[in-house]
Amino acid sequence: MAQIQAHRLVRLRALLVHAERHVPHWRDVFRTHDFVPARMSHADELQRLPTSDKDTVVREGDRMHADGVPHGEDPSPVAMQTSGTTGAGMRLLMSKGAHREQWAVCWRYRLWHGLAPGTWCAQLGGRLIVPIETRLPPYWRVNWPGRQLLLSSYHLGPATAEHYLEILARRRVPWIHGYPSMVTALADFAASAGVRLPALRWVTLASESTSVEQRARILAGLGVVPREHYAQTESVANFSECPHGRLHVDEDHALVEFVPHGTGPGGRTTHRVVGTSLDNWHQPFVRYDTGDLVVLDDAPCPCGREGRIVAEIDGRREDVLVLADGTLVGRADHIFKGLEFIREAQIRQGAAGAVSMHVVPRGAWTSEHAALLRAAAEARLGSDTAIEIRVVERIERTSSGKLRLVVREGGS
Ligand SMILES: [Zn+2]
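For the sequence shown, position 159 matches number 159 in the numbering used here, and the numbering has no gaps at all.
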């Protein structure tokens, strides 16, 4: 661990020296707080700086972009969009090296579980795979070079589940990757239909946290223990599940701080996940508050991996939306991707086929904004879903202080 810390400090200092020279926003912040990166001798000194968040990034805009990158770095970054679990959309730049490292960290975790690159993978993600108005199979597309069976997350329901299970069985897919809410729904359909997928060896989950109950349903329906990896587009904190089922902080990837937040259910202390990336030269994120809350685990893991362990991630747990025909839609946050005029949002559902979208705008709300949001929602929920948009001042938090993006009312 001492070696990792020393290595991390060297990278951190180099990045912050760069941020001071090349990023107007950070130059100002460092000056205001009398912080000189070149003199930094311990990562804790970073705590003199305030935390930043999505609001900072949207407000500061180009002032958070570097006006140059070090020699040897690819000068053109990857442009990314995030939606996240509060419904606030955001654009950001990521250096290609940082992007590669993010993937390397993810594949390291997959290798822990014996998953090798090139393994055929069925994905249940947030992207639109087939047109939303599709009423007949196939509800998937095959990416031959990438060895992916891309399943639509917007068509899975009681009437279509048999087709999903049939293609998975027929193609003998060994690996399913997707959102816990959707994979759990698929597992439930497999259990109720009595269908087994004998070739299936791995189930990996991303983007939302998984409850104990969801894990049990996935194991019951698909016969495989699911594994999860925590990451976010900003790439300031990664946690990887080991074969013992514990979530290890990827200590070498970013500088992760756990800032005490409050008391969660069961009287346990919750912490905010605040992180600093070590290699995004185009847009350094310093003490960036992800908005996610965790409970830490002090017991060492029998696997022997060093570093901190997370017991539970709160606030990324989401309900699915139910369309009029029973189709289940997970990860509704994709509706908000790139819609920077929304500060936060919540989708409430009382009855199947109808949703009420509560939004807190960043500035003035116009009919143009409403039309853009409606179009984005219809693209994923279909035009026969009744969509009500309500502009509100504030969205209520859960008892642990977390905003839930999707709330099912009355449990329909
Ligand atoms: Zn472990």
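The C-beta atom is built at its ideal place from N, Cα and C for all residues, glycine as well.
Keep in mind the model is a prediction, meaning the values are calculated, not measured.
Exercise. Can you list, in chain order, every residue whose CB sits closer than 6 Å to a heavy atom of ligand 1?
Worked result: C242, H244, R246, H248, C301, C303 and R305
Exercise. With DSSP run on the structure shown, which of helix, strand or coil describes M64?
Worked result: helix
For this session: Would you decide whether S181 is buried or exposed? Buried here means 16 or more other CB atoms lie within 10 Å of its CB.
Result: buried
Problem set entry | Rounded separation between F258 and Y288 - CA only | When rounded, the distance between both Cα atoms is 11 Å.
Exercise. So what's T366 in DSSP terms, helix, strand or just coil?
Worked result: coil
Exercise. Alpha carbon to alpha carbon, how far is L353 from V329?
Worked result: The sequence shown places Gly at residue 353, rather than the Leu named in the question. Approximately 11 Å, taken between the alpha carbons.
Exercise. Which whole runs of the beta strand (DSSP E) in the segment 86-146 are 3 residues long or more, in chain order?
Worked result: 90-94, 121-124 and 140-143
Exercise. What residues in its chain sit with their C-beta under 8 Å from that of P243, if we drop five residues either side in the sequence?
Worked result: W112, H113 and C303
For this session: Taking the CB atoms as reference points, tell me whether N238 and L93 lie closer together than 9 Å.
Result: By the CB criterion at 9 Å, N238 and L93 fall outside the cutoff.
For this session: Give the straight-line distance between the Cα atoms of D292 and T269, rounded to the nearest whole angstrom.
Result: 14 Å
Exercise. What three-state label does DSSP hand D55 in the structure shown?
Worked result: helix
Exercise. Are the segment 375-385 and the segment 344-364 touching, with three or more C-beta to C-beta distances below 8 Å?
Worked result: Because the criterion of three Cβ pairs below 8 Å is met, the segment 375-385 and the segment 344-364 touch.
Problem set entry | Whole-angstrom distance between V274 and T414, CA atom to CA atom | In the structure as shown, the chain begins at 1 and stops at 412. Residue 414 is therefore absent and cannot be evaluated.
For this session: Would you please state the rounded distance, in angstroms, between the beta carbons of L219 and F189? I believe it to be under 8 Å.
Result: With a Cβ gap of about 15 Å, L219 and F189 do not count as contacting.
For this session: Take H229 as the anchor and find which of E208, L222, R215 and G221 has the nearest alpha-carbon.
Result: E208
Problem set entry | Closest Cα partner of R408 within the set N143, P50, G350 and G194 | G350
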